[in-house]
Amino acid sequence: EDKTQLNYIVKKCLTADELGNIGGLRRAESILLIMLNAND
Numbered sequence: 001e002d003k004t005q006l007n008y009i010v011k012k013c014l015t016a017d018e019l020g021n022i023g024g025l026r027r028a029e030s031i032l033l034i035m036l037n038a039n040d
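For the sequence shown, the UniProt record's numbering assigns the number 1 to the initial residue and increments by one for each residue that follows.
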C-alpha cells in the first residue's frame, strides 16, 4: 500500500512538473519527503 501511495505522489509530481506548476511540485515533494522520513 505504501508503494501505491508513493507512486501516486510521484505521478502527481510529474503531472505538476509537466504543467509547470512549481507550487504543486514542491508540495508533492514535501509530502514525499515526510513519508520517506516516517518510514525510517
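C-beta: ideal position from N, C-alpha, C; glycine also.
Tell me, to the nearest whole angstrom, how far the beta carbon of Ala28 is from that of Lys3; I am working on the premise that it is less than 8 Å.
Lys3 and Ala28 do not touch by the CB rule: their CB atoms are close to 16 Å apart, not below 8 Å.
Contact under 7 Å by Cβ, Ile9 with Leu32
Against a cut-off of 7 Å, the Cβ pair of Leu32 and Ile9 comes out as a contact.
Could you give the distance in angstroms between the alpha-carbon of Leu25 and the alpha-carbon of Ile34?
14 Å
In chain order, what residues of the same chain have a beta carbon less than 8 Å from the beta carbon of Asn39, not counting five sequence neighbours either side?
Asp2
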